[in-house]
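2 protein chains.
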Amino acid sequence: MTKETAQIKQSFTEGLSHISHFWGFPKGVGAVFAVLYLSPAPLSLDELVTQSGLTKGAVSTNVRALARLGLVRRSAKLGDRKDYYEAETDFYKAIRSILGERQNREFDRAVRSVQETLEKLQAAKGSMQEAERKFLIERVQALQDFFDAIDALSRAVSKLDSLGISTVQNILKILK
Amino acid sequence: MTKETAQIKQSFTEGLSHISHFWGFPKGVGAVFAVLYLSPAPLSLDELVTQSGLTKGAVSTNVRALARLGLVRRSAKLGDRKDYYEAETDFYKAIRSILGERQNREFDRAVRSVQETLEKLQAAKGSMQEAERKFLIERVQALQDFFDAIDALSRAVSKLDSLGISTVQNILKILK
DNA sequence: TAGAACGTTTAGTATTTACTAAACGAAATA
DNA sequence: TATTTCGTTTAGTAAATACTAAACGTTCTA
Chain A
67 MTKETAQIKQ
77 SFTEGLSHIS
87 HFWGFPKGVG
97 AVFAVLYLSP
107 APLSLDELVT
117 QSGLTKGAVS
127 TNVRALARLG
137 LVRRSAKLGD
147 RKDYYEAETD
157 FYKAIRSILG
167 ERQNREFDRA
177 VRSVQETLEK
187 LQAAKGSMQE
197 AERKFLIERV
207 QALQDFFDAI
217 DALSRAVSKL
227 DSLGISTVQN
237 ILKILK
Chain B
67 MTKETAQIKQ
77 SFTEGLSHIS
87 HFWGFPKGVG
97 AVFAVLYLSP
107 APLSLDELVT
117 QSGLTKGAVS
127 TNVRALARLG
137 LVRRSAKLGD
147 RKDYYEAETD
157 FYKAIRSILG
167 ERQNREFDRA
177 VRSVQETLEK
187 LQAAKGSMQE
197 AERKFLIERV
207 QALQDFFDAI
217 DALSRAVSKL
227 DSLGISTVQN
237 ILKILK
């Protein structure tokens, strides 16, 4: 690998680290993905360590996060017990996977807390001023509705894909 | 305000703080928004300080962030030079504003770094192995295309709104 | 079955982030 | 023009986060 190639890869990696951080993931996640994305062949953990500049522990953590997000696939070489990883190149597939992942974890729990607030308000009949209660219920309900819509949208996007058509491009076609 | 009301507001605020943090914003941003969202009337900075439990400096910072994101509107009372703030209750409007904001700042810069990588690769004819160069160009170009599609989608969503119809609900109707 | 080759986990640390407290500057009022 | 009333900015700090280095458990090999 020439010096110039290395330099180009380096700056690309920094760019993706930055994007990763911007979207709320660790920078290392972006760095590891960048290395994999610019590799024609699957890489082992040790190769990732070398090329990313991170330590084994960090790479292990980050690459597992990427796999969970669907941005990276594990693969194996016959007669080699090392794990190999390669980048997912279908981004539409990846983004759906990310949405799904985000949806099902923290987000869901947080949304539930709004739901709980609503229930508490419903139950508070009598123990607070009726006008205020009505106002609060209205507002919290509106937020709840919004979250539900986001959720439905997310599901719809996933569904669209199962038809085998590229999601984003299709929405665009419709909106044109 | 009864003790129970305060308690309900409190737990709602904690929920939104959590959501805020989950989406990569400071928790204080969620807390301040929650207080405003549950208030029937616009609140001054000092009232926000009292009700959110944060200090003036923190509220000042967070409420300004919210205003930039379009989640909060500044308003004024006649004969009162205090700033007042109220929550945006049209979430579809707000989410578009957020998308726009995110698009135009860091994200844009990060995307530009991918663009630069591509240009460097184009210019590297001769100074690196041709097969490798071709592979790298292909991959980086694919990423670039993906970002462009995201950008186009975001623009399309904004455009849809300018027709005066509720964005998300419409996409859903189409996808059904 | 001893040793080597892996990936994961843990304890400690550095960095980043968002806060508080207080100083500050601008604008209104007296 | 002195004083009060605001919102913002700054310097310092506390908390959260993501890293390194090293220990560890497991699986394969000799």
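Listed in order, the protein sequences are those of chains A and B.
In my numbering, each residue carries its 1-based index in the first sequence increased by 66.
In my numbering, each residue carries its 1-based index in the second sequence increased by 66.
Where is the CB? At the ideal position from N, CA and C, for every residue including glycine.
Just so it is clear, the structure is predicted and the values come from calculations on it, not from any experiment.
- Beta-carbon to beta-carbon, alanine 222(A) and leucine 238(B) are separated by about 6 Å, close enough to satisfy the 8 Å threshold.
- Think of a sphere of 8 Å around the beta carbon of glutamine 117(B): no beta carbon from chain A falls inside it, the nearest being about 14 Å out.
- Looking at the backbone, the Cα of methionine 194(A) and that of arginine 140(A) are separated by about 56 Å.
- Under the three-state reduction of DSSP, leucine 120(A) is assigned to coil, being neither helix nor strand.
- In the DSSP assignment, the residues bridged to methionine 194(A) are Lys191(A).
- Per the C-alpha coordinates, the member of Thr116(B), Tyr150(B), Asp211(B) positioned closest to alanine 107(B) is Tyr150(B).
- Among the residues of chain A, none has a CB under 8 Å from the CB of isoleucine 203(B); the nearest is roughly 11 Å distant.
- In the three-state reduction of the DSSP assignment, glutamate 185(B) falls in the helix class.
- Exclusion of the five residues before and after threonine 79(A) leaves Ala97, Ala100 as the residues of its chain whose Cβ lies within less than 6 Å of its Cβ.
- Shown here, leucine 135(A) sits in a helix according to DSSP, grouped into three states.
- Phenylalanine 201(A) and isoleucine 216(B) have their C-alpha atoms roughly 38 Å apart.
- In the three-state DSSP reduction, leucine 109(A) falls in the strand class (E or B).
- Taking C-alpha positions only, lysine 122(A) is separated from valine 129(A) by approximately 10 Å.
- Taken through DSSP and simplified to helix, strand or coil, arginine 147(B) comes out as coil.
- With contacts defined by Cβ atoms closer than 8 Å, glycine 81(B) and valine 180(A) form a contacting pair.
- Within a 10 Å sphere around the beta-carbon of threonine 183(B) sit 16 or more other beta-carbons, which makes this residue buried.
- Assigned with DSSP and collapsed to three states, alanine 142(B) falls in coil, not helix or strand.
- Arginine 162(B) is positioned such that its CB atom lies closer than 8 Å to that of serine 224(B).
- Pairing phenylalanine 91(B) with phenylalanine 157(A) gives a Cβ-Cβ distance that is not under 8 Å.
- At the C-beta level, lysine 75(A) and leucine 114(A) stay beyond 8 Å of one another.
- The beta carbons of leucine 102(B) and valine 234(A) sit no closer together than 8 Å.
- Among the CB atoms of chain B, none fall inside 8 Å of the CB of glutamate 152(A).
- Interface flag for serine 179(A) against chain B is set, since a Cβ pair is found closer than 8 Å.
- In the three-state scheme derived from DSSP, where H, G and I count as helix and E and B as strand, glutamate 204(B) is classed as helix.
- For alanine 133(A), not one C-beta of chain B is nearer than 8 Å to its own C-beta.
- DSSP places glutamate 154(B) in the coil class of the three-state scheme, outside both helix and strand.
- Taking 8 Å as the Cβ-Cβ cut-off, the stretch 83-99 of chain A approaches chain B at His84, Ile85, Phe88, Trp89, Gly90, given in chain order.
- Straight through space, the alpha carbons of arginine 147(A) and lysine 69(A) are spaced by roughly 32 Å.
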